[in-house]
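To convert a position in the sequence shown, counted from 1, into the numbering used here, add 1.
Glycine included, C-beta positions come from ideal geometry on N, C-alpha and C.
Just below is one structure, and these are the notes that go with it.
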Amino acid sequence: MSDERSPDPFASSDVGSDSPAPGASSLRDIRILVVEDFATMRRVMRNLLNDLGYARISEADDGSVALPMLHNQHFDLVITDLLMPEMGGLELLRVIRADSALRHIPVMIVTADAQREKILAAAQAGVDAYIVKPSTAAMLESKIRELFCTNTSKT
2 MSDERSPDPF ASSDVGSDSP APGASSLRDI RILVVEDFAT MRRVMRNLLN
52 DLGYARISEA DDGSVALPML HNQHFDLVIT DLLMPEMGGL ELLRVIRADS
102 ALRHIPVMIV TADAQREKIL AAAQAGVDAY IVKPSTAAML ESKIRELFCT
152 NTSKT
């Protein structure tokens, strides 16, 4: 049985230098909002991010809780689950992309759902990265770096 995988539509072949988000003095200073309905998974994600050196982390248990937070606080990155009861990650992503005040924020979906249709729907909605659980700290770190790296050769 061979391992046939589709190319990652979110993978970047560009290699650049680390560039923090505006207002962050270093990549480790970015403000991250973790949106996940399962408290244990929120804690796991927070611990992973802490272990990687990220300390400015807030949590929401649903997209409907995350939206007011996004409007009232500054965040550099949203990491969201896909399937949540009130407002799922895909709906949250669509609302973020439709809102001129929020659309600049990178959104990463971290989910157990590896269905091709869900991944394509997220890509079409404008997701910046998609990670299928279980994920490793190295995977998470790699995706965050990709999101905040700039390539100086681009004009």
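When you compare each of the options to residue i by their alpha carbons, which one comes out closest?
i    : options               : result
I58  : K119, M140, R44, S143 : R44
L103 : T137, I31, F76        : F76
R32  : L94, V66, S65, I106   : I106
E87  : H72, R47, V66, L71    : V66
L94  : E118, G64, A40, A115  : G64
I110 : L28, A40, M46, T41    : M46
F39  : E118, D82, F149, A139 : D82
V36  : Q74, N51, M85, N73    : M85
Would DSSP call residue i helix, strand or coil?
i    : result
C150 : strand
M85  : coil
V66  : helix
E60  : strand
A53  : It should be noted that the sequence gives Leu, not Ala, for residue 53. It is coil, neither helix nor strand.
T41  : helix
L103 : coil
I110 : strand
Return the CA-CA distance between residue i and residue j, expressed in angstroms with no decimal places.
i    : j    : result
T112 : E142 : 16 Å
L60  : P135 : According to the sequence as given, residue 60 is Glu; it is not Leu. If you take the alpha carbons of E60 and P135, they lie about 19 Å apart.
L91  : A130 : 12 Å
V180 : I132 : Any question about residue 180 goes unanswered here, given that the chain covers just 2 to 156.
S101 : L49  : 31 Å
R117 : P69  : 30 Å
Open item on the list: Any contact between the region 114-131 and the region 46-56? By contact I mean 3 or more CB pairs, one from each, below 8 Å.
Closed with: With a cut-off of 8 Å, the region 46-56 and the region 114-131 do not count as touching, because too few Cβ pairs lie within range.
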